[in-house]
Amino acid sequence: GAGDPVLPAAAWWQGERAKLVQLAEERTPRYVYHLPTVRAQARRVKSLRAVDRAHYAVKANTHPGILKVLAEEGFAFECVSPGELAAVSAVVPDDVPLLFTPNFAARRDFEAALRTRATITIDALHPIEHWGEMFAGREIMLRVDLGRGLGHHDKVKTGGTGSKFGVPIEHLDRFLRLADLAGARVIGLHAHLGSGILDAAHWGEVYSQLASLAERIGTIRVLNIGGGLGVPSHPGETALDMSALDRVLTAVRQAYPQFDLWMEPGRYLVADAGVLLAKVTQEKEKGAGMRYLGLDTGMNSLIRPALYDAWHEITNLSRYGEAATTMYQVVGPICESGDILGSDRRLPESKEDDVVLVAQGGAYGAAMSSRYNLRDEADEVLLP
Ligand code: LLP
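Numbering of the sequence shown is given in UniProt numbering, commencing with residue 470 and proceeding in unit increments.
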């Protein structure tokens, strides 16, 4: 209910250590998702007064239990592939709104999406220019490139000429003419500049930029200002200020009350809810005091450190509270030098079969995992 206390993000697993060790003794590697944290984050997003519809960006984590909880919390869903549309449709009630927001999708992907109830977002001239008949009589959204990107790493910035997303502003009129020719009605503008943004002012800027573009287009009813809401990962990083975000959005909303406001966060809802459990396999010393701590999974289960140098907190649950005396390179069993989960981590002296927790694995963890080296995928369990 509305009176539930909002949990401090990231802290839940400290209170569940015994349970987590037990889950790891049964099986590793294993992702554990704490549903009360998903609900608490969902309520933080739902508390934004200016937002008419919040979608969950399913790409962050497609576990059916998480989709179900977010549907219960009143979320709509943003999907980028026919597979994501099918996964959501299998779990959420038929009246929950869906968005299809793909990039460089094939004609057949759009055909599949048009057979669902999803609202389609187009982010290039090509679909409307070459497959226009598909959209005749339809209401569509247009993703624009506002000319800049933002995010925790260059690889997650989705704006500017160096990124493959969106229709640049100078092609806007051409898109609208083509849509008109096709008999499609452009009812919304969309922008998403990147992922892992901690500055509330960002969404106010995107919102007012889209609103002033939309004012010049008679048919626009909806502005979708994307996702990208970050969670602090490094120690000492400051959390996104949700009351500041609420104020910023409400101010723009008052200037442009004629447009509905949509958002589509992924990471913010699920990152802190998930942890990856693994067991120590081996220890190795090399060179000038270089100590490697091997786990029974690595970049195959969590590729973010390898791909973005992302920082995930690592804790030895079996030796919780013992002095962190040893500097380790925490690595996995994959045959790549980039198979690192954490470099230069100070941990207690660790031993074979210790249970190790890698935090903030709820977003883009299992979702980006692979069977590289033919390692089994990590198991996934829910804590209700
Ligand atoms: N909307 C659109 C159109 C997107 O492309 C994305 C993410 C989202 C919403 C949700 O973004 P979020 O709220 O989760 O930041 N694998 C990277 C993140 C890639 C995000 C891709 N697009 C990572 O692990 O950091």
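Yeah, the Cβ is synthetic: ideal placement off N, Cα and C, and Gly gets one too.
Judged by DSSP in its simplified three-state form, Gln727 adopts coil rather than helix or strand. The Cβ atoms of Val824 and Leu745 do not sit closer than 7 angstroms to each other. In this structure, the alpha-carbon of Gly673 lies about 23 angstroms from that of Ile609. Rounded to the nearest angstrom, the gap between the Cα atoms of Thr590 and Ala582 is 11 angstroms. DSSP places Ile535 in the helix class (H, G or I) of the three-state scheme. The shortest CA-to-CA distance from Gln483 to any of Gly790, Asp813, Leu816, Gly834 is the one to Gly790. Cβ contact annotation for Arg736 (same chain, cutoff 6 angstroms, sequence separation greater than five): Ala529, Ala832, in chain order.
Under the three-state reduction of DSSP, Leu786 is assigned to helix.
Boundaries of the beta strand (DSSP E) harbouring Gln751: 743-755, taken from the DSSP string. Within the chosen limit of 6 angstroms, the ligand LLP does not reach the beta carbon of Pro566 with any heavy atom. Cβ-Cβ distances below 6 angstroms link Ala648 to Ile597, Val655 in the same chain, with the five nearest sequence neighbours on each side left out; the list follows chain order. Judged by DSSP in its simplified three-state form, Ala523 adopts strand. When secondary structure is reduced to three states using DSSP, His503 falls in the strand class. In the three-state reduction of the DSSP assignment, Tyr833 falls in the coil class, being assigned neither a helical nor a strand state. Annotation: Gln727 to Lys515 spans about 20 angstroms, alpha carbon to alpha carbon.
Segment contact: the segment 610-623 against the segment 651-671, three or more CB-CB distances shorter than 8 angstroms; contact assigned.
In this structure, the C-beta of Gly811 stays at least 6 angstroms away from each heavy atom of the ligand LLP. In this structure, DSSP gives Asp813 an extended state, which the three-state scheme calls strand. Taken from the Cβ of Tyr500, every heavy atom of the ligand LLP lies 6 angstroms or farther away. With 16 or more other Cβ atoms from the protein chains shown falling within 10 Å of its own Cβ, His532 counts as buried. Counting only the Cα atoms, Leu567 lies some 7 angstroms from Arg586.
Counting only the Cα atoms, Leu692 lies some 14 angstroms from Gln723. In this structure, DSSP gives Pro637 an extended state, which the three-state scheme calls strand. Placement of the Cβ of Thr570 at a distance of less than 6 angstroms from at least one heavy atom of the ligand LLP is found. In this structure, the ligand LLP has no non-hydrogen atom nearer than 6 angstroms to the beta-carbon of Gly618. By the C-beta criterion, the segment 491-507 is judged to be in contact with the segment 831-847, since at least 3 inter-stretch pairs fall below 8 angstroms. At a cut-off of 6 angstroms, the beta-carbon of Pro734 counts as near the ligand LLP: some heavy atom of the ligand is closer than that. Under the DSSP assignment, Ile656 falls in the beta strand (DSSP E) whose first and last residues are 654-659.
Annotated three-state conformation of Thr719 is helix, per DSSP.
At the C-beta level, Arg773 and Pro817 stay beyond 7 angstroms of one another. Met711 and Glu846 have their C-alpha atoms some 35 angstroms from each other. Arg612 sits away from Asp642, with the two beta carbons spaced by 7 angstroms or more.
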